[in-house]
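Peer 1:
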Amino acid sequence: MISCADFMAEIGNYLEGEVAEDVRLQLEHHLSHCQTCTVLVDSTRKTLKIVTDTGAFDLPDATFRPIAERIMTRVRSEGK
Amino acid sequence: MLRLRGITEQRLDHIVADYQKANLAPATRAVLRFTLKLVASDLSISREDMREASSEGLTDESLLEAILTAALSGLLCMLSTGVGAVPDFALHSIPPPEHFLTVPGDESPATDEKSGFNLYAPELNAGDFAPFVFFREQFSSVPSVFLAQTRRPDILEAEAHAIRALLVAGDHLSRTQKERLLLAGEHSKADLGASDGALLNFTKKLSVDAEEFSISDIQALRERGFTEHQILEAVATRALACFFNVLQAGLGSTPDFGARWTCKPAELKTVAKKAHLSASDQRHTGIIRPVDPDGECVARVQRGDLDAFEELMNRHSQRVYRTLVGILGDQDDARDAMQDTFLKVFQHLARFEGRSKFSTWLVSIATNTGIQRLREQRPMESLDETGSDEEGFRPRQVQAWTDDPEQLYSEAEMRSLIESGLMKLPAKYRVVVMLRDIEQLSAEDAAVVLGLGIPALKARLLRGRLMLREALAPRFISSGRKGSMKGAII
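Note that the protein sequences, when read in sequence, are chains A and B.
Sequential numbering from 18 applies to the first sequence in this note's numbering.
Sequential numbering from 1478 applies to the second sequence in this note's numbering.
Put into structure tokens, the structure is as follows:
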């Protein structure tokens, strides 16, 4: 029987699908009766999905253009 | 398979030319007819097909195996076309009998009285059977194509394993991108950016027009910045979708995996003339030789073409910017550091020899530029500290989250929440989360650019994700807030 601490030691590999089959079964057995770890797994998966889907810190083209122009001015002067 | 079982070439030719007059046993002929209908036409298996096959002595078990084998052949055909592998045995095109081309009177899927599937599927306890637990986690319920295969728990375990490896563990494309490929047809192009639209078109061509599929389709994706790993993951995801499409059509289950893109007989022809992801002399090894999608552009810059440098900058500006925001935690600083980064890249590009991908080299320069700036501005904050990553992290927010957090806020609100949450993280965690989860760098590439070992990178990634989860939790706990939050945070 594994403890919550044991589960937390493996949660990273579990979320990445990188645990051996027998370990996975033990972890999932733990999840079947541990509400706290179930919430952690579920909410961390949701966090990951939100971060991946939403993206963040997009650099708008209108912001990038003047930067690109400054860089290219320097590049063209150095490239001569 | 027949050849491996010792069937002579002459006999094979006879079967291929007209299997109905090749003196096959009735049951073998029935299996061929049945599976050809699945792979060589766009029709679903009907009640009449089932009755005909059963009357030839085929059991439910053998019919399920025939459907699974047909689905597997679709998957393998698509994989070999997509990666340009030369088949170990040349594949023949077997023309479907004429009557496949006309729809028989009753084409609706057979409706087994109890399950609604073509074949009887005993009930399995979804709470106890590990693959079903996994499917429910991934798809919120167990898709009916899996419920229709309960006669073969071993196959369901293998399918869960394949989905886990591709959708959960595979990390070159985002989960959203892979789900789009798996459920292709469910998204209109208007919902997609140009890159994702190109990816969807690429896999659609692979599915419906494999005869015309060629190296130029791969090259087009490379030019959009897709890596070899990403392209391989796209091909494999679409091949898996093809597998489930055939199963749905054969088993009469609900088409949870999107509309079927039919494999035409022509697609079964050898694809030896095409070279895709690997050089022809390497194809049998199954190893993909990494080709840098920026290689050609880099070479042009090295020959003095400055427009090519601008093109490289346009391709990678977002990645460089996010790396710098990740390290510096300040968007104005990141914009300044971006200019320094690209100037350094230009000054050193003549000496770039292509031993790593250009994008990896570029992000390494951005990382070094960011770290140098961080040391100058905030010497107390560092990416170098080690030792605490592996120590236990104790989450405080342990209340269950609402089922679909993304429905609670508008897109702009959600982005603001994520950005604010990321900014609260220490730099060494923030940058790892941004490179892996937003920029989708592989663990190996992220470790290289940050100068970390893989275990250290994974430890920081986990810590960063858990800290971000902690920061977001108050917004998403399910305490009757569902559907009432839009507009509440800005």
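C-beta atoms are modelled at their ideal positions from N, C-alpha and C, and glycine is treated no differently.
1) What three-state label does DSSP hand B/Ile1522 in the structure shown?
2) What in chain B is Cβ-close to A/Asp24, meaning under 7 Å?
3) Check whether chain A comes within 8 Å of B/Val1610, counting only Cβ atoms and requiring the distance to be less than that.
4) Using three-state DSSP, classify A/Ile19 as helix, strand or coil.
5) Does B/Asp1583 pass the burial test, meaning 16 or more other C-beta atoms within 10 Å, or should it be called exposed?
6) Measuring only between beta-carbons, confirm whether B/Ala1637 sits less than 8 Å from chain A.
7) Under DSSP, the alpha helix (DSSP H) around B/Cys1719 begins and ends at which residues?
8) Output needed in chain order: residues of the region 1789-1804 of chain B with a Cβ under 8 Å from some Cβ in chain A.
9) Quick one: any contact between the region 1643-1662 of chain B and the region 31-51 of chain A, if contact means 3 or more CB pairs under 8 Å?
10) Please return the same chain residues whose Cβ sits closer than 8 Å to the Cβ of B/Leu1549, not counting the five positions on each side in sequence.
11) Assuming B/Leu1899 and B/Val1910 make a contact with CB atoms under 8 Å, what is their CB distance in whole Å?
12) Starting from B/Arg1832, find everything on chain A with Cβ-Cβ shorter than 9 Å and list it in chain order.
13) Could you tell me how far apart the beta carbons of B/Thr1558 and B/Leu1676 are, in whole angstroms, since I believe they sit closer than 8 Å?
14) Quick one: give me the first and last residue of the alpha helix (DSSP H) that B/Lys1911 is part of.
15) CB-CB under 7 Å to B/Leu1894, same chain, minus the five flanking residues each way: which ones, in chain order?
16) Name the residue from B/Ser1833, B/Gly1674, B/Glu1700 and B/Ala1504 whose alpha carbon lies nearest to the alpha carbon of B/Glu1788.
17) Taking Cβ-Cβ distances shorter than 7 Å, what residues in chain B pair up with A/Ile19?
18) Quick check: B/Leu1513 and B/Ile1522, are their CB atoms within less than 8 Å of each other?
19) Decide if B/Asp1914 is buried, meaning its Cβ has at least 16 other Cβ atoms within 10 Å, or exposed.
20) To be precise: take each residue of the region 64-92 of chain A, compare its Cβ to all Cβ atoms of chain B, and keep it if any distance is under 8 Å. Which residues remain?
21) Please state whether the Cβ-Cβ distance between B/Ala1877 and B/Ile1954 is less than 8 Å.
22) Among B/Ala1814, B/Thr1844 and B/Tyr1906, which one has its Cα closest to the Cα of B/Val1925?
23) Use the C-beta contact count for B/Gln1884: other C-beta atoms within 10 angstroms, 16 or more gives buried, fewer gives exposed.
24) Quick check on A/Met18: buried or exposed, where buried means 16 or more other Cβ atoms within 10 Å of its Cβ?
25) Helix, strand or coil, according to DSSP, for A/Thr80 in the structure here?
26) Give me the subset of the region 46-66 of chain A whose CB atoms are less than 7 Å from a CB atom of chain B, sorted by chain position.
27) Report the residue from B/Glu1600, B/Arg1506, B/Arg1812 and B/Leu1650 whose alpha carbon sits nearest the alpha carbon of A/Ala79.
28) Could you check if B/Ala1904 is buried or exposed, using at least 16 other CB atoms within 10 Å of its CB as the buried criterion?
29) Is the region 1535-1555 of chain B close to the region 1627-1642 of chain B, with three or more CB pairs under 8 Å?
30) For B/Glu1656 and B/Phe1611, I'd like the C-alpha separation in whole angstroms.
31) Whole angstroms is fine: what's the gap from B/Tyr1798's alpha carbon to B/Ala1671's?
32) Going by the beta-carbon positions, is the gap between B/Arg1652 and A/Thr69 smaller than 8 Å?
33) List the residues of chain A whose Cβ lies closer than 9 Å to the Cβ of B/Ala1504, in chain order.
34) Which partner residues does B/Trp1838 have in the DSSP bridge list?
35) Could you tell me whether the region 20-34 of chain A touches the region 1837-1857 of chain B, where touching means 3 or more Cβ pairs closer than 8 Å?
Peer 2: Answer, in terms of the structure:
1) coil
2) First, the residue type needs correcting, since residue 24 of chain A is Phe and not Asp in the sequence shown. Going along chain B, no residue has its Cβ under 7 Å from A/Phe24, so there is no contact; the nearest lies around 11 Å.
3) yes
4) coil
5) Since pLDDT at B/Asp1583 reaches only 39, below the 50 mark, its modelled position is unreliable, and the value read off the structure follows with that caveat. Answer is exposed; the Cβ neighbour count stays below 16.
6) no
7) Glu1705 to Leu1728 is the span of the alpha helix (DSSP H), which, as asked, contains B/Cys1719.
8) Met1790, Asn1791, Ser1794, Gln1795, Tyr1798, Arg1799 and Val1802
9) The region 1643-1662 of chain B is in contact with the region 31-51 of chain A.
10) Phe1720
11) 7 Å
12) Those within 9 Å of B/Arg1832 in chain A number zero; the least Cβ separation is about 24 Å.
13) That pair is no contact at about 16 Å.
14) Looking at the sequence shown, residue 1911 of chain B is not Lys but Met. Here B/Met1911 belongs to no alpha helix (DSSP H), and DSSP marks it neither H nor E.
15) Counting only Cβ-Cβ distances below 7 Å, and skipping sequence neighbours, we find Tyr1886, Leu1949, Arg1952 and Ile1966.
16) B/Glu1700
17) Within 7 Å Cβ-Cβ: nothing; A/Ile19 doesn't reach chain B, min ~15 Å.
18) no
19) The Cβ neighbour count for B/Asp1914, taken over all protein chains shown within 10 Å, is at least 16; the residue is labelled buried.
20) Identification of residues in the region 64-92 of chain A having a C-beta nearer than 8 Å to some C-beta of chain B yields Thr64, Leu65, Lys66, Ile67, Val68, Thr69, Asp70, Thr71, Gly72, Ala73, Phe74, Asp75, Leu76, Thr80, Phe81, Ile84, Ala85, Arg87, Ile88, Met89, Arg91 and Val92, given in sequence order.
21) yes
22) B/Thr1844
23) exposed
24) exposed
25) helix
26) Thr53, Val56, Leu57, Asp59, Ser60, Thr61, Lys63, Thr64, Leu65 and Lys66
27) B/Arg1812
28) buried
29) yes
30) Inter-residue distance for B/Glu1656 and B/Phe1611 is about 16 Å (C-alpha atoms, whole angstroms).
31) 20 Å
32) yes
33) What B/Ala1504 touches in chain A: nothing, since even the nearest Cβ is about 37 Å away.
34) Answer is none; B/Trp1838 lacks a bridge partner.
35) no
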